[in-house]
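Chemist: Just so we're aligned: 51 in numbering that gives the first Met the number 0 is position 52 of the sequence shown, and the numbers increase by one with no gaps anywhere. Cβ atoms here follow ideal geometry from the backbone N, Cα and C, with glycine treated the same way.
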Amino acid sequence: MTTLTTTKTPSAHVVKRILTSDQSIGNLMLRVPVGIVLAAHGAQKLFGWFGGYGIEGTGQWMESVGFAPGALMAFLAGSAEFFGGLALILGLLTRPAAVVVAFTMLMAMTVHLGNGLFIANNGYEFALTLLAASIALAINGGGKFAADHIIANKIR
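#1: Using only the alpha-carbon positions, how far apart do G34 and A76 sit?
#2: Identify the continuous alpha helix (DSSP H) that holds K15 and give its terminal residues.
#3: Taking the runs of the alpha helix (DSSP H) that are 4 residues or longer, which of them lie wholly in the region 49 to 92?
#4: Taking only the alpha-carbon atoms, compute the straight-line gap between V13 and N120 and give it to the nearest angstrom.
#5: Which residues in the same chain as Y123 place their Cβ atom closer than 6 Å to its Cβ, once the five residues preceding and following it in sequence are excluded?
#6: Tell me which residues share the same chain as A39 and place their Cβ nearer than 6 Å to its Cβ, disregarding the 5 neighbours each side in the sequence.
#7: Is it right to say Q22 is buried, meaning 16 or more other beta carbons lie within 10 angstroms of its own, or is it exposed?
#8: Taking only three categories from DSSP, how would you classify A145?
#9: Give the DSSP-derived three-state secondary structure of A133 in the structure shown.
#10: Quick check: what's the CA-CA separation for A11 versus L92?
#11: For L116, count neighbouring Cβ atoms within 10 angstroms of its own Cβ and tell me buried if that reaches 16, exposed if not.
#12: Comparing C-alpha positions only, which one of E62, N114 and G83 sits nearest to T103?
#13: Just verifying my parser: in three-state terms, what is the DSSP assignment at A22?
#14: Determine, using beta carbons only, whether M61 and A73 come nearer to each other than 8 Å.
#15: Please report how far the alpha carbon of R30 lies from the alpha carbon of I88, in whole angstroms.
#16: Return the CA-CA distance between N114 and A135, expressed in angstroms with no decimal places.
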């Protein structure tokens with residue numbers, strides 16, 4: 000088996016701790032659908048796919064709700080969702096990706112808090128659900144069927 004390092008340096012130890020996780024299939028069952036939803040929402044913001052408005056339209060909306068400059072905020076939120084979602088699907092850097100997504104969902108919740116819980120009233124339930132899932136993944140990691148697991152096993 001090929002190893003990434005021959006001696007366990009402090010940085011290798013930290014990387015291995017970030018990548019190593021519980022070996023449950025539950026991690027896979029959570030991260031793949033959450034990753035798909037996030038990547039799709041990010042694609043709406045970044046590329047205008049799936050009925051989205053792209054950076055320009057999303058940026059105008061973001062500016063209208065207080066996130067300025069709007070285009071930059073749309074790019075940051077879209078990138079966090081799109082690339083974070085792809086990382087979750089693959090189980091690649093699951094914990095860091097989940098932390099970025101959690102922060103993004105926390106910011107999304109601030110926009111919707113005044114509308115109550117339910118999404119039918121433009122509430123925060125969707126962002127709350129994604130926040131909870133991303134926190135769970137940040138705590139538990141990607142699991143056995145994740146790129147993280149393969150990488151962690153190569154680190155001595």
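Modeler: Per the coordinate set shown:
#1: By one-based count along the sequence shown, residue 34 stands at place 35. By one-based count along the sequence shown, residue 76 stands at place 77. Going by the C-alpha atoms only, they are around 14 Å apart.
#2: On the sequence shown, residue 15 is found 16 positions in, with the first residue counted as 1. Taken as a continuous stretch (DSSP letters only), the alpha helix (DSSP H) holding K15 covers P9 to L18.
#3: 53 to 63 and 69 to 89
#4: Along the sequence shown, read from residue 1 onward, the residue named residue 13 stands at position 14. Along the sequence shown, read from residue 1 onward, the residue named residue 120 stands at position 121. Each residue's Cα considered, the two are about 43 Å apart.
#5: In the sequence shown, residue 123 corresponds to position 124, counting from 1. Cβ neighbours of Y123 beyond the five flanking positions: M108, H111 and L112.
#6: As a working mapping, residue 39 is identified with position 40 in the sequence shown. Same-chain partners within the cutoff: F49.
#7: By 1-based counting over the sequence shown, the position of residue 22 is 23. Exposed, because fewer than 16 other Cβ atoms sit within 10 Å of the Cβ of Q22.
#8: Looking up residue 145 in the sequence shown gives position 146. Coil.
#9: Residue mapping note: residue 133 aligns to position 134 of the sequence shown, counting from 1. This sequence places Ser at residue 133; Ala is not what is there. S133: helix per DSSP, three-state reduction.
#10: Along the sequence shown, read from residue 1 onward, the residue named residue 11 stands at position 12. Along the sequence shown, read from residue 1 onward, the residue named residue 92 stands at position 93. Roughly 14 Å between the two C-alpha positions.
#11: Counting from 1 along the sequence shown, the entry for residue 116 is found at position 117. With fewer than 16 other Cβ atoms within 10 Å, it is exposed.
#12: On the sequence shown, residue 103 is found 104 positions in, with the first residue counted as 1. Closest option to T103, Cα to Cα, is G83.
#13: Residue numbering aside, residue 22 sits at position 23 when the sequence shown is read from its first letter. A small correction: the amino acid at residue 22 is Gln; Ala does not occupy that position in the sequence shown. Note: Q22 maps to coil in three-state DSSP.
#14: For the purposes of this step, residue 61 is taken as the residue at position 62 of the sequence shown. For the purposes of this step, residue 73 is taken as the residue at position 74 of the sequence shown. The answer is yes: Cβ separation under 8 Å.
#15: Here residue 30 is taken as the residue at index 31 of the sequence shown, counted from 1. Here residue 88 is taken as the residue at index 89 of the sequence shown, counted from 1. Distance between the alpha carbons of R30 and I88 is about 6 Å.
#16: Residue 114 sits at position 115 when you count from the first residue of the sequence shown. Residue 135 sits at position 136 when you count from the first residue of the sequence shown. N114 and A135: Cα-Cα distance of roughly 25 Å.
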